[in-house]
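Residue numbers (the numbering used here): -7 to 361.
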């Protein structure tokens, strides 16, 4: 059983689902964390994966309400389907809810499913981030930890979880390569005819829900360059409430599907974002990235010189765009995140674990593993 709920998870799950379904049955569960069409259904269509067998339709809410409702609705679904294992991705409230349910689940005969976490070991070392808490909980409840980088492996070893970890690479390399071939004619109308533009994405609570930070980031977007801004529902609600003013050069558009997003990223002069996934997609597209946070878990992109962390500082945004070396495309871009075969490695790792312990597990097997 694969549990997803947010755009980045749809993207990561797509290549793994395609690989899994060659020889295995997969039950895809959508919690409904991203619940409008552009944030959800269109991604399944773009990624050419089947619609979820189960949609919990949880929708929006506070962290506690959303996560609690997911837990309440997920448990009977898992008991009804009794999967051999549960596969989760990333660091969202969907991830947290699924690992809590799966780690406590026992079938009527006492057996339990195994639990695997894709994108294990990432750390921003910012304990205030909800995502940081979610990923730490996931890594300490799951027994199969599928890490994207050597840095992630080192983090897991430091936390005493190295024996459960396997370096598989980043499945977003698989997804991005697949999408890049199919996105050539998917550029949204707002960007057509623009010789150069900056692509902006922003959705994290620390940016959107803090009026001072939100205003500072928007000031940083006031420039001669057009800024194309697909507006996340969370950000749209803040703007509708009168918090923050978009500069005249910013072109707000509705959320876009994955292929449209890949097309925008590939054609952008630069990308400004608070999204971890977009940071990686910028790197894979060979586009300089300006990260609107005080830290990043994707430190490899910074070390390689393709990502600059500027927090909410408008001056730092301008400095990055004016830095000819940073903005140059003619420089090395090593393969930091694998060779595009991560999905196959994930499936192989799950098969090995399944064969080793049998499934579902008894409580005694779970303790031993």
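Where is the CB? At the ideal position from N, CA and C, for every residue including glycine.
Provide the residue(s) that pair with residue i in DSSP beta bridges, ordered along the chain.
i           : result
residue 300 : 282
residue 250 : Answer is none; residue 250 lacks a bridge partner.
residue 22  : -4, 47
residue 54  : Answer is none; residue 54 lacks a bridge partner.
residue 138 : 110, 158
residue 149 : According to DSSP, which records beta bridges pairwise, residue 149 is partnered with nothing at all.
residue 242 : 219
residue 265 : 193, 283
State buried or exposed for residue i, treating a residue as buried only when at least 16 other CB atoms are found within 10 Å of its CB.
i           : result
residue 360 : Since pLDDT at residue 360 reaches only 49, below the 50 mark, its modelled position is unreliable, and the value read off the structure follows with that caveat. So residue 360 counts as exposed.
residue 66  : buried
residue 435 : There is no way to answer for residue 435, as the model of the chain reaches only from -7 to 361.
residue 234 : exposed
residue 176 : exposed
residue 2   : buried
residue 272 : buried
residue 23  : buried
residue 320 : exposed
residue 240 : exposed
residue 68  : exposed
residue 0   : buried
residue 42  : exposed
residue 15  : exposed
Considering only the beta carbon of each residue, do residue i and residue j sit closer than 8 angstroms?
i           : j           : result
residue 91  : residue 130 : yes
residue 115 : residue 289 : yes
residue 19  : residue 45  : yes
residue 21  : residue 59  : no
residue 261 : residue 178 : no
residue 160 : residue 338 : yes
residue 133 : residue 180 : no
residue 127 : residue 251 : no
So does the segment 322 to 342 actually touch the segment 146 to 165, counting three or more Cβ pairs closer than 8 angstroms?
Yes: at least three Cβ pairs fall under 8 angstroms.
Three CB pairs or more closer than 8 angstroms across the segment 100 to 117 and the segment 75 to 89:
Segments in contact, yes.
Would you check if the segment 202 to 220 and the segment 296 to 305 touch, i.e. whether three or more CB-CB distances between them fall below 8 angstroms?
Counting Cβ pairs under 8 angstroms, three or more are found: they touch.
Alpha helix (DSSP H) segments (min. 4 residues) lying fully within the segment 72 to 132
Taking 4 residues as the shortest admissible run, the segment 72 to 132 contains the following complete alpha helix (DSSP H) segments, listed from N- to C-terminal end: 85 to 96.
Please specify which runs of the alpha helix (DSSP H), each continuous and at least 4 residues long, are wholly inside the segment 157 to 225, giving them in chain order.
Correct list: 163 to 172, 197 to 200, 203 to 212.
Stretch pair the segment 97 to 106 + the segment 272 to 290: three plus CB contacts closer than 8 angstroms:
Contact between the segment 97 to 106 and the segment 272 to 290 is absent, because fewer than three Cβ pairs lie under 8 angstroms.
Which runs of the alpha helix (DSSP H), 4 residues or longer, sit entirely within the segment 308 to 334?
Fully contained in the segment 308 to 334 are the following alpha helix (DSSP H) runs of length 4 or more, in chain order: 316 to 319.
The segment 147 to 157 / the segment 221 to 237 touching (three or more Cβ pairs under 8 angstroms):
These segments do not touch.
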